[in-house]
Amino acid sequence: MNRLRSALWLPLFDDLADPLVVARIAADAEEVGWDGCFVWDQLCWREPVRQVADPWIALAAIASVTERIRLGPMVTALPRRRPAKVARESATLDRLSEGRLTLGVGLGSDRFAGELSRTGEELDARRRGRMLDESLGVLAAAWPGEPVRHRGEHYTVDDIAFLPRPVQRPGVPVWAAGMPGHAKPIRRAARLDGFFPANLEHPDQLADIVGSLTELRQGRMASYDIAVGLPLGVDPAPYARAGATWWLPEWEPGVRLDTVRGVLRDGPAA
């Protein structure tokens, strides 16, 4: 069975919309043995949530008060972000954290808060998929520090070198999110550094996903990560046996700070 690492997964709403509070949670998590602290990336959420923090500022705060844990947005919707800006942000945050950033990426959704339609972003999922793949290409070209010359369907980067480089080589690890049973996200994830399957219902689903990824990657799974978000109280051990390498406890949007601190005090899963 894989060693199952554990990470807090914080929705940055209401009680958790203060970056100082989030930074303190992350520092305490590191002290009691958690391996990571990831944060949601949303512009808005539906009622009764009213307060929302920026994930990149929160992550900078986390990086400044921790030394060991991994951190990152889980996940950021790249199609609503400019890849050149993300290249700068990710390299700077990786340096601030001394090489501890993991970048979770996905298509994004208008389902929960209308954040795409309410801000004039692309609503067609297939088009967002092409935007995501193009953005990933820009990031991969930017992180080595050589001049990027890109003219694609959606983005242009004309002879810019993104220096200083990230600490991690060849670049920041990228985990792609996707729904079980959808082939394209799994194919995308197979080209990257990890997969974050959404809404898993059973370890057998994960075992099937791991089998597909193993085949697509021709068995090269030793350094590959598979993260699973699970409701509190669900035993992560069967998911570790199915191939998970990270476990993230799920909280409802607007979770109270005392609830988070209770799980934090209990420590990560064995």
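First residue of the sequence shown? That's -16 in the working numbering, and the numbers climb one at a time after it. Yeah, the Cβ is synthetic: ideal placement off N, Cα and C, and Gly gets one too.
May I have the straight-line CA-CA distance separating S206 from L86, to the nearest angstrom?
-> 16 Å
If you pair each beta-carbon of the segment 95 to 105 with each one of the segment 158 to 175, do three or more pairs fall below 8 Å?
-> no
Within 7 Å, strictly: CB atoms of L115 and P163 = no
Tell me which same chain residues have a C-beta within less than 8 Å of the C-beta of D249, skipping the five on either side of it?
-> none
Are the segment 56 to 72 and the segment 13 to 33 in contact at 8 Å, needing three or more beta carbon pairs?
-> yes
Could you check if Q34 is buried or exposed, using at least 16 other CB atoms within 10 Å of its CB as the buried criterion?
-> exposed
Residue from E50, A70, V243, L(-5) whose Cα sits closest to the Cα of G120 | A70
Can you list, in chain order, the residues of its chain whose CB lies under 8 Å from that of L247, leaving out five sequence neighbours each side?
-> L(-9), I8, D11, A12, V15, W17
Nearest-angstrom Cβ-Cβ length linking A74 and P130, presumed shorter than 8 Å | Wrong, their Cβ atoms sit about 15 Å apart, outside the cutoff.
Return yes when the Cβ of I40 is within less than 7 Å of the Cβ of P2, no when it is not.
-> yes
Runs of beta strand (DSSP E) wholly within the segment 22 to 80 (minimum 3 residues, chain order) | 53 to 56
Please check the pair L(-13) and P219, which I expect to be a contact at CB under 8 Å, by giving their CB distance rounded to whole angstroms.
-> 6 Å
Is it right to say G89 is buried, meaning 16 or more other beta carbons lie within 10 angstroms of its own, or is it exposed?
-> buried
Inter-residue Cα distance where the pair is E184 and D176 = 23 Å
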